[in-house]
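Only one structure is covered here, and it is reproduced in the block below.
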Amino acid sequence: MSALPRAAELGLIACPVCGLVCRNVAGDRQLDGDGVGDAMACPRCGSLLRRRKSNSFMRTWALLIAAFLMYIPANVLPIMRTASLNDIDDNTIISGVVELWRAGSPYLAVIVFSASIVVPVLKFLALGILLTSSQRSSAWARLQRARLYRVVELVGYWSMLDVFVVALLTALVRFSVLSRVEPLPGVIFFGLTVVLTMLASMSFDPRLIWDGRNSDD
Amino acid sequence: MVPPEQGIGRTGMTSPNTLLICEHCDTVYRRRPLGRGEVARCARCHAELERHHLLSVNAMLALILTALIVFVQANMWPIVTLGLSGQFSGTTLWGVIIAMWREHAQVVSVLVAATLFFFPLMKMLMLGWLLVFARGGRRAPGFVRLMVILHYLGPWTMSEVFVLGALVAIVKAHVYFDVIANPGIYAYAALTFLITIFAGVDLRQLWDDIPEAGA
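So the protein lines, in turn, are chains A and B.
Counting from 26, one number per residue, gives the positions in the first sequence under this note's numbering.
Counting from 12, one number per residue, gives the positions in the second sequence under this note's numbering.
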């Protein structure tokens, strides 16, 4: 046992919902999170106790791949149509950023670019790295990987920014024939991408980063 | 699954206050009282374990009630109005939700309604209910169920993102239209401020602060 004991070594288990420290009376085998025979409930809040989030790798991979599949049409298809008397202008996420840069404010363009492009791409890369390295029980840069996960959790939901912009403009710009804004399918795919990446990062269990053969302490 | 009432047959409960397990790496710590403004961090993964509660139950309740009032205003008042050659067009949050539904983006409409209206409202009402009883050192009826729901609602409220979105929409619209900021946008800004204050509060403290004995 090391100087920093882990819950499993002490036969303890933390409730994922209320944080209560419980004695793992069911033993490790039944609480390995494979969904078979997991029957111990938290005495305080009634949530199911599991040593690790159930099927973390599989679920996270599945959600991440689904999110990526949604992300392609989200970028290729236009997200918003601006129609006025004599022209129709369809915007994709990227062209929206470019337009904002040119006509409005470069600062805001950078923020929108970060929320709509950088954050989703960061999430795909970060979760991909976290999943592959943890599946191989790699001891590489554990502390940095743990930090990376927390950053992903923290910034994830800001991607919804563009969805809200399109929704607000749709409700605002309705001057009959003079000028109208309509949402286009891209924005639906983008909204789904954000929800799926959020679900993906929630289903990843950061404790898996520290599991494995070569403990570093 | 054992319901909590039966679970108190000491299935595996240790003394809840002496130990603490890092959620991010499963390291076990012995709890110690924290000084004012102190934050306990995990020695292995550096994640935050626990922080000193600056806000009393009364202060939290005051904040929640303020947020609730501001939230009602943010939803009643129009957010922005655009003007184009004598015509004006404004919207409230529900105007946004309805417009997206009518424009065949129902998925987005539901997302907006959930993350900007229903979830924040549920969160505030549920917390307010729990805190009113917590003032008297009691657990509110439905305490356990509400605390579990609050845990899952956590990351799904996005009012602060919407404020930034409104700012971007205003700048975009400004190129073609006259933009008039309405009271709703200020109410939203105030709401974001209140959310930021509340962001540092770990609601799990309520489990320990109000022991079950009273219920």
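Where a beta carbon is used, it is the ideal one built from N, C-alpha and C, also for glycine.
Extent of the continuous alpha helix (DSSP H) to which Asp236(A) belongs | Note, Asp236(A): premise wrong, no alpha helix (DSSP H); not H, not E.
What whole-angstrom Cβ distance do Phe82(B) and Leu202(B) have, given they're in contact under 8 Å?
-> By a beta-carbon distance limit of 8 Å, Phe82(B) contacts Leu202(B). Their separation comes to about 6 Å.
Taking only the alpha-carbon atoms, compute the straight-line gap between Met158(B) and Leu136(B) and give it to the nearest angstrom.
-> Cα-Cα distance, rounded: 12 Å.
Interface flag, Tyr182(A) vs chain B, CB-CB below 8 Å | When Cβ-Cβ separations below 8 Å define contact, Tyr182(A) makes contact with chain B.
Consult DSSP for Pro15(B) and reduce its assignment to one of helix, strand or coil.
-> Note that Pro15(B) scores 36 on pLDDT, short of 50, meaning its location in the model is unreliable; the coordinates nonetheless yield the value given after this. Note: Pro15(B) maps to helix in three-state DSSP.
Roughly how many whole angstroms lie between the Cα atoms of Leu175(B) and Leu94(A)?
-> For Leu175(B) and Leu94(A), the gap between their C-alpha atoms comes out near 27 Å.
Please list the partners that Ile32(B) has in chain A, where partner means a Cβ-to-Cβ separation under 7 Å.
-> Against chain A, a Cβ distance below 7 Å from Ile32(B) picks out Ala32, Leu37, Ala39 and Val46.
DSSP puts Thr107(A) in a beta bridge; with which residues?
-> DSSP lists Asp114(A) and Val206(A) as partners of Thr107(A).
Report the three-state DSSP secondary structure of Asp219(B) (helix, strand or coil).
-> Three-state DSSP puts Asp219(B) in a helix.
Amino acids of chain B, ordered along the chain, whose beta-carbon sits closer than 8 Å to that of Leu125(A) | Those within 8 Å of Leu125(A) in chain B are Val179, Val182 and Lys183.
In whole angstroms, what is the alpha-carbon distance linking Ala128(A) and Val122(A)?
-> Spanning the two alpha carbons is a distance of roughly 10 Å.
How big is the Cα-Cα spacing for Val176(A) and Pro166(B)?
-> Taking the straight line joining both Cα atoms gives about 14 Å.
For the alpha helix (DSSP H) containing Ser120(B), list its first residue and its last residue.
-> First-last of the alpha helix (DSSP H) with Ser120(B): Gln117 to Val123.
Since Gly94(B) is in the alpha helix (DSSP H), which residue starts that stretch and which ends it?
-> No alpha helix (DSSP H) contains Gly94(B), which is instead part of the beta strand (DSSP E) from Val91 to Leu95.
Below 7 Å between beta carbons is the criterion; list the residues of the stretch 70-100 of chain B that meet it against any residue of chain A, in chain order.
-> Residues passing the 7 Å Cβ filter: Val91, Leu93, Leu95, Gln98 and Ser100.
Euclidean distance between Cα positions of Ala151(B) and Phe144(B) | A direct Cα-to-Cα measurement between Ala151(B) and Phe144(B) gives close to 5 Å.
For Arg76(A) and Val61(A), the rounded distance between their alpha carbons = Interpretation of Val61(A) is limited by its pLDDT of 49, a score under 50 that renders its predicted location unreliable; the figure taken from the coordinates is listed afterwards. Near 13 Å, if we compare the C-alpha coordinates of Arg76(A) and Val61(A).
Output, in sequence order along the chain, the residues in the stretch 205-220 of chain B whose CB is closer than 7 Å to any CB in chain A.
-> Along the stretch 205-220 of chain B, the positions whose C-beta sits under 7 Å from a C-beta of chain A are Arg215 and Trp218, read in chain order.
At which residues does the alpha helix (DSSP H) containing Ile163(B) begin and terminate?
-> What sits at residue 163(B) in the sequence shown is Tyr, not Ile. Element bounds for Tyr163(B): Phe154 to Leu164.
Count the other CB atoms within 10 Å of the CB of Phe99(B); is the residue buried (16 or more) or exposed (fewer)?
-> Phe99(B) should be labelled exposed.
Buried or exposed for Gly20(B), please, with buried defined as at least 16 other CB atoms from any protein chain shown within 10 angstroms of its CB.
-> Residue confidence for Gly20(B) is low, a pLDDT of 35 falling below 50, so the modelled location carries little weight; the figure read from the coordinates is stated next. Result: exposed.
Going by alpha carbons, who is nearest to Gly216(A) out of Asp187(A), Thr195(A), Trp86(A) and Glu207(A)?
-> When the alpha-carbon of Gly216(A) is set against those of Asp187(A), Thr195(A), Trp86(A) and Glu207(A), the nearest one is in Asp187(A).
What first and last residue would you give for the alpha helix (DSSP H) that runs through Phe209(B)?
-> Counted as a single uninterrupted DSSP element, the alpha helix (DSSP H) harbouring Phe209(B) occupies residues Pro194 to Ala210.
Counted within 10 angstroms of its Cβ, other Cβ atoms place Ile196(B) as buried (16 or more) or exposed = Counting Cβ neighbours within 10 Å, Ile196(B) comes out buried, since at least 16 surround it.
Contact set for Met24(B): own chain, Cβ-Cβ below 7 Å, skip 5 residues either direction | No answer about Met24(B) holds up, because its pLDDT of 48 lies below 50 and its placement is not dependable.
Using a Cβ cut-off of 8 Å (strictly closer), state whether Phe189(A) contacts chain B.
-> For Phe189(A), the answer is yes, since a Cβ of chain B falls inside 8 Å of its Cβ.
Since Tyr40(B) is in the beta strand (DSSP E), which residue starts that stretch and which ends it?
-> Taken as a continuous stretch (DSSP letters only), the beta strand (DSSP E) holding Tyr40(B) covers Val39 to Arg41.
Closer than 8 Å to chain B by CB, Ile213(A) = At least one CB of chain B lies nearer than 8 Å to the CB of Ile213(A).
Where Thr222(A) falls: helix, strand or coil (DSSP) | It is helical.
Using a beta-carbon distance below 8 Å, is Gly195(B) in contact with chain A?
-> Put simply, the CB of Gly195(B) is far from chain A, with every gap to its CB atoms at 8 Å or more.
Would you mind telling me which residues of chain A sit closer than 7 Å to Pro166(B), beta carbon to beta carbon, in chain order?
-> Those are Tyr182 and Met223, listed as they occur along chain A.
Return no unless some Cβ of chain A is closer than 8 Å to the Cβ of Tyr187(B).
-> With 8 Å as the cut-off, Tyr187(B) counts as an interface residue toward chain A.
If Thr218(A) sits next to Tyr96(A), beta carbons under 8 Å apart, how far is it from one beta carbon to the other, in whole angstroms?
-> Separation of the CB atoms of Thr218(A) and Tyr96(A) is rounded to 5 Å, and the pair is thereby assigned contact status at 8 Å.
With a CB to CB cut of under 6 Å and the five nearest residues on each side skipped, what residues in its chain are close to Trp112(B)?
-> For Trp112(B), where only same-chain residues beyond five positions count, the Cβ hits under 6 Å are Ser120.
Can you find at least 3 beta carbon pairs, one from the stretch 33-52 of chain B and one from the stretch 190-199 of chain A, that sit closer than 8 Å?
-> The stretch 33-52 of chain B is not in contact with the stretch 190-199 of chain A.
Taking the alpha carbon of Ile208(B) as the point to measure from, which residue in Arg43(B), His64(B), Thr38(B) and Tyr40(B) has its own alpha carbon closest?
-> Distance check between Ile208(B) and each of Arg43(B), His64(B), Thr38(B) and Tyr40(B) places His64(B) closest, using alpha-carbon atoms only.
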